[in-house]
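S.K.: This is the structure I have questions about; it appears just below.
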Amino acid sequence: MRKILELKSLTAGYEEKVVLKGVNLMVKENDFLGIIGPNGGGKTTLLKVILGILKPMEGEISPDGSERCNIGYLPQINQIDKKFPISVKEVVLSGLMSHKKIFGRYNSDNKQRAEELMTQMGIIHLKNKNIGELSGGQMQRVFLCRAIISDPQLLILDEPDTYVDSNFEGELYEILHQLNSHMAIIVVSHDVGTICSHVKSIACVNKTLCYHDSNVISQEQLKAYNCPIDLITHGEVPHRVLKQHK
Ligand SMILES: Nc1ncnc2c1ncn2[C@@H]1O[C@H](COP(=O)(O)OP(=O)(O)OP(=O)(O)O)[C@@H](O)[C@H]1O
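Counted from 1, the sequence shown has number 235 at position 150 by our numbering; the numbering is strictly sequential.
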């Protein structure tokens, strides 16, 4: 499997504050990696480094600069300015912004692809609405269309299950599995049970990164993670084993 991104001995943070230290991670085509970790553990910071928004303090990211693979990104919905006057259709097409000339127009193929994606996500009837008029779940679908319209090599989703009802959650992971046949996926989620039942590998991020080349993590392995977490497993045993009541 071809490598599309690698982080080596990476340290990253903000001004004097070190958030991530000694992080090593390799992403290969068709990987489906789930990132879990406590609040403030550094998951979003890791995504910012991968996206090239945040420069590492130390370490190496390869390929870098203009060589970086094409990345589609679904941000946390609460980070989006809902007052910005832009229609659903324009948001979806804006995922192609870096692929067209400045002031260039979207061509008919671009518009057709946007319509296909909006139909697939069940939001075609909203295409002329202003983004600020949508519910959180509808907005998730719009931004997912935007993230995949350029057919990226790597798709990154930051908490895609927020605002999403259980019907669409099933559909969402079905769509992600289809996309995973031709793109690598990294998904950050607090819904550990859901994420672990869909991904192929897991990274626990809490200042350092512990990588598990499987979607099963034992309690022993979680000790390295250094924070309380449910036991995640699949098959004969329940998906979550919660602590006993005292
Ligand atoms: N722009 C910033 N400037 C300074 N500190 C920041 C900045 N962004 C995040 N931090 C700090 O970095 C640490 C890691 O934040 P980050 O957002 O990466 O965590 P996270 O694992 O994504 O958390 P959550 O699960 O709450 O989304 C936190 O202590 C946070 O306060």
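Glycine is no exception: its CB is placed at the ideal position from the N, C-alpha and C atoms.
With contact counted as at least three CB pairs below 8 Å, one residue from each stretch, are the segment 109-121 and the segment 268-281 in contact?
M.R.: Touching, per the Cβ criterion.
S.K.: Any chance the segment 168-179 sits against the segment 101-117, with 3 or more Cβ pairs inside 8 Å?
M.R.: Touching, no.
S.K.: Could you please go through the chain and list the residues whose beta-carbon is closer than 6 Å to any non-hydrogen atom of ligand 1?
M.R.: Going along the chain, the residues that qualify are Tyr-99, Lys-102, Val-104, Gly-122, Asn-124, Gly-125, Gly-126, Gly-127, Lys-128, Thr-129 and Thr-130.
S.K.: Could you give the distance in angstroms between the alpha-carbon of Arg-325 and the alpha-carbon of Thr-279?
M.R.: Its pLDDT being 46, under 50, Arg-325 is placed unreliably by the model, and the measurement read from it follows with that caveat. Approximately 10 Å between the Cα atoms of the pair.
S.K.: Among residues of its own chain, excluding the 5 on either side of Ser-299, which ones have a beta-carbon nearer than 7 Å to its beta-carbon?
M.R.: Counting only Cβ-Cβ distances below 7 Å, and skipping sequence neighbours, we find Ser-286.
S.K.: Beta-carbon within less than 7 Å of Val-177's beta-carbon, same chain only, minus the 5 sequence neighbours each way: which residues are those?
M.R.: Closer than 7 Å at the Cβ level, and outside the excluded window around Val-177, lie Ala-199, Leu-202, Met-203, Val-227, Cys-230, Arg-231 and Ile-234.
S.K.: Are the CB atoms of Ala-288 and Leu-110 nearer to each other than 8 Å?
M.R.: Cβ distance < 8 Å, so Ala-288 and Leu-110 count as in contact.
S.K.: Might you give, ordered along the chain, the residues of its own chain that have their beta carbon closer than 8 Å to the beta carbon of Gly-222, omitting 5 neighbours on each side?
M.R.: If we look at Gly-222 and ignore the five residues flanking it on each side, its Cβ neighbours are Tyr-248, Val-249, Asp-250 and Phe-253.
S.K.: Which term fits Lys-331, buried or exposed, when burial requires 16 or more other beta carbons within 10 angstroms of its beta carbon?
M.R.: Note on Lys-331: pLDDT 43, under 50, position unreliable in the model; the coordinate value appears next. With fewer than 16 other Cβ atoms within 10 Å, it is exposed.
S.K.: If we count Cβ pairs, one from each stretch, closer than 8 Å, do we get three or more for the segment 141-152 versus the segment 89-99?
M.R.: In short, these stretches touch, since the Cβ pair count reaches three.
S.K.: Taking buried to mean at least 16 other C-beta atoms within 10 Å of its own C-beta, is Lys-102 buried or exposed?
M.R.: Exposed, since its Cβ has fewer than 16 Cβ neighbours within 10 Å.
S.K.: Thinking Glu-244 and Gln-161 are a contact (beta carbons under 8 Å), I'd like their distance in whole angstroms, please.
M.R.: Contact holds; Cβ gap of about 5 Å.
S.K.: Could you give the distance in angstroms between the alpha-carbon of Glu-218 and the alpha-carbon of Gly-107?
M.R.: The straight-line gap from Cα to Cα measures roughly 43 Å.
S.K.: Just tell me which of Cys-281, Gln-238, Leu-264 and Leu-90 has its CA closest to the CA of Asp-149.
M.R.: For Asp-149, the nearest C-alpha among the options comes from Leu-90.
S.K.: Three-state secondary structure (DSSP) at Lys-102?
M.R.: DSSP places Lys-102 in strand when its eight states are reduced to three.
S.K.: Determine the contact status of Gly-157 and Gly-126, defining contact as a CB-CB distance below 8 Å.
M.R.: Result no, Cβ atoms of Gly-157 and Gly-126 do not sit closer than 8 Å.
S.K.: By DSSP, does Met-206 sit in helix, in strand, or in coil?
M.R.: If DSSP states are grouped into helix, strand and coil, Met-206 belongs with coil.
S.K.: Taking its Cβ as the centre, do 16 or more other Cβ atoms sit within 10 Å of Asn-192, making it buried, or is it exposed?
M.R.: That one is exposed.
S.K.: Can you tell me whether Asn-124 is buried or exposed? The criterion is at least 16 other CB atoms within 10 Å of its CB, across all chains shown.
M.R.: The residue in question, Asn-124, is exposed, as its Cβ has fewer than 16 Cβ neighbours within 10 Å.
S.K.: Out of Val-290, Ile-270 and Tyr-99, which has the shortest C-alpha to C-alpha gap to Leu-240?
M.R.: Nearest of Val-290, Ile-270 and Tyr-99 to Leu-240, Cα basis: Ile-270.
S.K.: Let me know the secondary structure DSSP gives Thr-31 once reduced to three states.
M.R.: Any question about residue 31 goes unanswered here, given that the chain covers just 86 to 331.
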